[in-house]
Amino acid sequence: MRIELYAVCLSVILGLVHIVLASHAASLQRGYKWAASARDQPLQLLTGVAGRLARASANFLETFPFFVAMVLVVHLTGAYGDLSKCGAFLYLAGRVVYLPLYAFGVYLVRSLAWNVATAGILLLLVSALSQ
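And the structure:
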């Protein structure tokens, strides 16, 4: 399997980690009775780590489709090369580092990790367009 496709698989695992961490943190804050309910009642926003994990998960879900789309374009066009490999690595590494930085409230460095992941998507784009 190409490294770019492998990075998509690892990113799916990371996405599941985001969902599990965010949902458990929300359940700890709101209670497991809430977690098992239909959640029909509006609730206050999550705070602290639970809120940060929920926002980190949402942020991951905002960037992941762009990453998958670019890996798919690279794959379908055969635009594999150093740029696409580097792009896939940067996206995955940036997103892996982003999660704990956001969870622990580390500012600035968290933004740098986001920029690294976004640069990875852009490298995939350049790789596809230069084919």
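Just so you know, we're using our numbering here: the sequence shown kicks off at 120 and counts up by one. Each residue gets a CB set at the ideal place from its N, CA and C atoms; glycine is no exception.
If you draw a 10 Å sphere on the C-beta of Phe186, you find 16 or more other C-beta atoms in it, and that means buried. Inter-segment contact for the stretch 223-233 and the stretch 189-196 is absent: fewer than three beta-carbon pairs are separated by less than 8 angstroms. If you look at Ser249, you'll find it isn't in any alpha helix (DSSP H); DSSP assigns it neither H nor E. Going by DSSP, Leu180 is part of the alpha helix (DSSP H) stretching over Gly167 to Thr196.
Taking 7 angstroms as the cut-off, the beta carbon of Val245 is found no closer than this to the beta carbon of Gly213. A residue is called buried when at least 16 other Cβ atoms come within 10 angstroms of its Cβ; Ala154 does not meet this threshold and is exposed.
For Asp201, the enclosing alpha helix (DSSP H) starts and ends at Asp201 to Ala222. Counting only residues of its own chain and dropping the five nearest sequence neighbours on each side, His137 has a CB closer than 7 angstroms to the CB of Ala175, Ser176, Phe179 and Leu218.
Counting along the chain, Arg149 sits inside the alpha helix (DSSP H) bounded by residues Ile122 to Arg149. The shortest C-alpha to C-alpha distance from Gly200 to any of Ala144, Leu248 and Ser130 is the one to Leu248. With at least 16 other beta carbons inside 10 angstroms of its own, Thr182 counts as buried. Around the Cβ of Ser156, a 10 Å sphere holds fewer than 16 other Cβ atoms; the residue is exposed. A residue is called buried when at least 16 other Cβ atoms come within 10 angstroms of its Cβ; Val131 does not meet this threshold and is exposed.
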